[in-house]
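Please read the structure below before turning to the comments.
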Amino acid sequence: MDKTISQHSVVIAMLLISVACLFSTQTARAQAVADDLGIPETDDGLPGEGLIQRSDWFQKTWNSRREHFEGNAAQSQDSIVFLGDSITQGWGDEFRNLFGDLKLVNRGISGDTTRGMLYRLERDVLQLEPLAVVMLMGTNDLGTGAAPEQVAGNLTLIVDAIGKAQPETPMIVCLIMPSAESKHRSSEAIKKTNSLIAAAMVGKPNVTVLDTWTLYANPQGDARQEEFPDLLHPNDVGYQMWANALKPLFSTLGFWEKEPTEFQIEEGFRSLYNGHDLSGWCFRDKKTMEVLQTFNAKTATPDGRYVALHDKIVVTTPTE
1 MDKTISQHSV VIAMLLISVA CLFSTQTARA QAVADDLGIP ETDDGLPGEG LIQRSDWFQK
61 TWNSRREHFE GNAAQSQDSI VFLGDSITQG WGDEFRNLFG DLKLVNRGIS GDTTRGMLYR
121 LERDVLQLEP LAVVMLMGTN DLGTGAAPEQ VAGNLTLIVD AIGKAQPETP MIVCLIMPSA
181 ESKHRSSEAI KKTNSLIAAA MVGKPNVTVL DTWTLYANPQ GDARQEEFPD LLHPNDVGYQ
241 MWANALKPLF STLGFWEKEP TEFQIEEGFR SLYNGHDLSG WCFRDKKTME VLQTFNAKTA
301 TPDGRYVALH DKIVVTTPTE
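Position 220 of the sequence shown, counted from 1, bears residue number 220 in this note's numbering, the numbering being contiguous throughout.
Shown next as structure tokens:
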């Protein structure tokens, strides 16, 4: 009897030790992941310039969001990734159901700056091997007093890093949306930053700059309350406008409107487009109207400006 009890006690003790070891291992792994995803204690040795926020509320938001990102990383492969701050986070994971069945992934963190996005680029974006990357960033940098040159510089580092890691990945760089002086984001600072961003993107063939400043700005260059009730974050109307601006670019890139439309030519008319190439189309001299170049059997002009895509002729957005 005593021997049996003793044996049982040993088995129970071993089980308890095993459970404790397993719990300890899992806790250690969870802590390692949390440490790996957390904000670095200092900026020493980090790429880029400027501020990475470290306030208590931001650290909680950062940690929560990045743990969420880590949890959906496996199913987020081969998607269109949105990288940004609270305006990007505001799309939600379902992107307000404005993009049909496009596979989109949200990597926005409220309060984040361009240097923070540069720091987390590899883990949050590049490891997903994205089909494309949509970027909107810089308003928080300006809100904390960063120079426009600093914002444009960090964004350029992000674009270059994506281009180096995945040379064929298209990128859409959205200009900083308008805000207001009361939000410490003057129209002058935003316009200067946007000008520097646009200039820095010239000559980068995989980058398209989307003018999300003119889309919203009032005559004074500030946000309108009809789309930005707090003069910083868009409402439903604002997000719908942003979606409408992105869809033609997604179409040009071959992600959107891949099926033929149901358009029917009315009686008495004929289509100038044959539905599959640029036959019959040409470039002419503006003054003499002399034919300079024809595009029979071609699906695109040499400069890529006009493309036969599905059942449309698309005028592409110049990269610069």
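Heads up, the beta-carbon is just placed ideally off N, CA and C, and yes, glycines get one too.
All values derive from a computational prediction rather than experimental measurement.
A check of alpha carbon separations from Leu121 across Ile265, Phe263 and Asn154 identifies Asn154 as the nearest. Taking 9 Å as the cut-off, the beta carbon of Ile87 is found no closer than this to the beta carbon of Leu131. Across the structure, Leu51 and Met137 are spaced so that their CA atoms are roughly 13 Å apart. In this structure, Val173 sits near Val207, with a CB-CB distance shorter than 9 Å. For Met137, there is no enclosing beta strand (DSSP E), as DSSP gives it neither H nor E.
Phe82: member of the beta strand (DSSP E) spanning Ile80 to Gly84, first to last residue. When DSSP assignments are scanned along the region 160-236, the uninterrupted stretches of alpha helix (DSSP H) that are 4 or more residues long and fall wholly within it turn out to be 187-201. Ile265 carries a coil assignment under DSSP once its states are collapsed to helix, strand and coil.
Counting only runs that start and end inside the region 105-157, the beta strand (DSSP E) elements of at least 3 residues fall at 132-136.
Taking all protein chains in view, the Cβ of Leu210 is crowded by 16 or more other Cβ atoms within 10 Å, so the residue is classified as buried.
For the pair Gln166 and Pro260, the Cα-to-Cα distance works out to about 30 Å. A Cβ-Cβ distance of about 21 Å is found for the pair Ala200 and Thr144, leaving them out of contact under the 8 Å criterion. Annotated three-state conformation of Arg54 is coil, per DSSP.
The residue among Arg305, Thr299 and Lys204 with its C-alpha nearest the C-alpha of Asp311 is Thr299.
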